[in-house]
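Some notes on the structure that comes next.
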Amino acid sequence: MGGNELDYIRNAFDANWISQYGSNIDEFENSLERYFGNNSYVTALSSGTAAIHMALRLLNVEKDDFVLCQSFTFVATANPILYQKAIPVFVDSESETWNMCPDALEEAVKYCVQQGKKPKAIIAVSLYGMPFKVDEILQISKKYDIPLIEDSAEALGSRYKDQLCGTFGDLSIISFNGNKIITTSGGGILISRNIEVKNRALFLATQAKDNEVYYSHSEIGYNYRMDNIAAGIGRGQLETLEEKIQLRRKNHDFYQETLKNHESIDLFSAPNSDFFSNYWLNTIILKNDFSKEKLKDKFLQNNIETRYLWKPMHLQPLYEQYKFFGNNLCGMLFDTGLCLPSGTNLTDESRGRISEILEDEIH
Ligand SMILES: *Cc1c(COP(=O)(O)O)cnc(C)c1O
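In the working numbering, the protein residues as written are 311 to 673.
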């Protein structure tokens, strides 16, 4: 926390709106719509996962439909496909952004079409804050007329060709879970391109109550709305976003400097100036048989936490029975990668301790 979060929460208490209605929700959505710009309609929900589920519902994804999904991601990207009893088809990453590989995606589309069913949606992820190859993925989405769901849960404030992540998908999602760049404790948003879709999302997220004087329900809905307290936290957090992006990017500069002469460690960085990452997490790839377990242990002995990369979905027990397209580049990333400390509260003293360990490992 760092701004006016408590003041906004107090507003909710003063108004006695401890509920899924209230001015914090309206103001949070309005601020986000201004932030993302023209044609962005924001629905505040209880989580990023709920937002992805909502996106699939809005696209009428149903039982036995195919949904193409980036394999290299957190499980929350894929689970809503199973909530709908649809069939995930997983797609590998390419090496420049670590996100969905356009070639593997096209192969996967062709496979589905051969099975007699065009996929209902593509879910591409901006993992660790790095935008995916937007032009290439959009081109395939348009060529085959398959809607794009943009999972930018980790990429608030990131840009591709100067345009904000969250504005590329037919439907886009952002997460405000506790681990993300800004948080509402738990929360997320669905970003759509017109007001009708937003209204439909609101309807589904609040139990799909028909427009009748009594409680009438014709289709299945959810209790997915963000509450007025969480939205108050969000309003305060949003005011600190630019500062938080600067701090995350400063961490990246630090790692770039520390690792520039390191032969066994590659820091994952933007491939060119089209890609502006919020560097939510700094990640490395270890080369020359340098083991991630050993480096992780070394950090741990010094009371510093590091984490493995997301384990790809096609390698998960839950998902290994589903089709996967690509050469398992994401499996290789998982095998050799590590996430380094990247919080906005990292001090110079902490950075010093981290660089000592990394430099120790070089020699
Ligand atoms: C965090 C995250 C989600 C889910 O968001 P929640 O708000 O935690 O439900 C989805 N996709 C990715 C890539 C994430 O990192």
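Glycine is no exception: its CB is placed at the ideal position from the N, C-alpha and C atoms. Given the structure is predicted, the values throughout are model-derived calculations rather than measurements.
State the Cα-Cα distance for the pair residue 314 and residue 493, rounded to the nearest angstrom. The residue labelled residue 314 in the question sits at position 4 within the sequence shown. The residue labelled residue 493 in the question sits at position 183 within the sequence shown. Each residue's alpha carbon lies about 13 Å from the other.
On the three-state DSSP scale, how would you describe residue 442? Here the question's residue 442 lines up with position 132 in the sequence shown. Coil, per DSSP.
Identify whether residue 309 lies in helix, strand or coil by the three-state DSSP scheme. Since the first residue of the chain shown is 311 and the last is 673, residue 309 is not available in this structure.
In the DSSP output, which residue or residues are listed as bridge partners for residue 352? Translated into the one-based positions of the sequence shown, residue 352 becomes position 42. Answer by DSSP bridge pairing, in chain order: 501.
Does the beta carbon of residue 468 come closer than 8 Å to any beta carbon on chain D? The structure shown contains no chain D; it holds only a single protein chain.
What is the DSSP secondary structure of residue 534, reduced to helix, strand or coil? For the purposes of this step, residue 534 is taken as residue 224 along the sequence shown, with counting starting at 1. Here residue 534 sits in coil by DSSP.
If you draw a straight line from the alpha carbon of residue 629 to that of residue 387, how long is it in whole angstroms? Along the sequence shown, one-based indexing puts residue 629 at 319. Along the sequence shown, one-based indexing puts residue 387 at 77. The alpha-carbon atoms of residue 629 and residue 387 are separated by roughly 12 Å.
Pick from 536, 333, 469, 374 that is closest to residue 582, judged by C-alpha positions: Taking the sequence shown and counting its residues from 1, the one referred to as residue 582 is at position 272. Per the Cα distances, 469.
Find the nearest neighbour of residue 598 within the set 575, 531, 616, judged by alpha-carbon distance. Position 288 of the sequence shown, counting from 1, holds the residue named residue 598. The residue with the shortest Cα to Cα distance from residue 598 is 575.
Excluding the 5 residues preceding and the 5 following residue 622 in the sequence, name in chain order all residues of the same chain whose CB lies nearer than 7 Å to its CB. Against the sequence shown, residue 622 aligns to sequence position 312. Around residue 622: 381, 382, 640, 641, 644.
Who are the near neighbours of residue 330 in its chain, counting only those whose CB is closer than 6 Å to its CB and skipping five residues on each side? Position 20 of the sequence shown, counted from the first residue, corresponds to residue 330. Same-chain partners within the cutoff: 535, 537.
Apply the 10 Å Cβ neighbour rule to residue 495 and answer buried if 16 or more other Cβ atoms are within range, or exposed otherwise. The count along the sequence shown starts at 1 and reaches residue 495 at position 185. With fewer than 16 other Cβ atoms within 10 Å, it is exposed.
Here's a check: name, in chain order, each residue in its chain whose Cβ is nearer than 7 Å to the Cβ of residue 446, leaving out the five neighbours to either side. For the purposes of this step, residue 446 is taken as the residue at position 136 of the sequence shown. Excluding residues within five positions, the ones whose Cβ falls inside 7 Å are 412.
What are the partner residues of residue 455, as DSSP defines its beta bridges? The count along the sequence shown starts at 1 and reaches residue 455 at position 145. Paired residues: none, contrary to the question.
Going by DSSP, what residue range makes up the alpha helix (DSSP H) through residue 341? Taking the first residue of the sequence shown as 1, we reach residue 341 at position 31. Its alpha helix (DSSP H) spans residues 333-346.
Does residue 636 come out as helix, strand or coil in the three-state DSSP assignment? Your numbering for residue 636 matches position 326 in the sequence shown. The answer is coil: DSSP assigns residue 636 none of H, G, I, E or B.
Report all residues for which the CB-ligand distance to some heavy atom of ligand 1 is below 6 Å; order them along the chain. 357, 358, 359, 383, 384, 386, 387, 435, 461, 463, 464, 485, 487, 498
Across which residues does DSSP place residue 592 in a beta bridge pair? Your numbering for residue 592 matches position 282 in the sequence shown. 650, per the DSSP bridge assignment.
Of all the options 533, 514, 377, which has the alpha carbon lying nearest to the alpha carbon of residue 457? Looking up residue 457 in the sequence shown gives position 147. Closest option to residue 457, Cα to Cα, is 377.
Identity of the residue in 396, 647, 608, 334 nearest residue 371 by Cα: One-based indexing of the sequence shown puts residue 371 at position 61. Residue 371 has its Cα closest to that of 396, out of 396, 647, 608, 334.
DSSP beta-bridge partners of residue 678: As displayed, the chain neither begins before 311 nor continues past 673, which places residue 678 out of reach and without an answer.
If we count Cβ pairs, one from each stretch, closer than 8 Å, do we get three or more for the region 389-404 versus the region 353-373? yes
Taking residue 576 as part of the beta strand (DSSP E), name the residues at either end of that continuous run. As a working mapping, residue 576 is identified with position 266 in the sequence shown. 575-577 is the span of the beta strand (DSSP E), which, as asked, contains residue 576.
Among 618, 619, 620, 592, which residue has its Cα nearest to the Cα of residue 661? The sequence position of residue 661 within the sequence shown is 351, counting from 1. Of 618, 619, 620, 592, the residue nearest in Cα terms is 592.
Taking the C-alpha atoms as reference points, what is the distance between residue 529 and residue 671? On the sequence shown, position 219 is the one that residue 529 refers to. On the sequence shown, position 361 is the one that residue 671 refers to. Between residue 529 and residue 671, the C-alpha separation is close to 59 Å.
Within 10 Å of its beta-carbon, does residue 265 have 16 or more other beta-carbons around it, so buried, or fewer, so exposed? Outside the displayed span of the chain (311 to 673) sits residue 265, for which this structure offers no information.
Contacts around residue 589, its chain only, beta-carbon distance under 6 Å, and the 5 residues preceding and following it disregarded: Position 279 of the sequence shown, counted from the start, is the residue given in the question as residue 589. So the qualifying residues of the chain are 439, 558, 559, 562.
Can you tell which of 655, 342, 385, 431 has the C-alpha that lies nearest to the C-alpha of residue 556? Here residue 556 refers to the residue found at position 246 when the sequence shown is read from its first residue. Of the candidates 655, 342, 385, 431, the one whose C-alpha sits nearest the C-alpha of residue 556 is 655.
Is it the case that the Cβ atoms of residue 359 and residue 512 are separated by a distance below 8 Å? In the sequence shown, the residue the question calls residue 359 occupies position 49. In the sequence shown, the residue the question calls residue 512 occupies position 202. No, they are not a contact pair.
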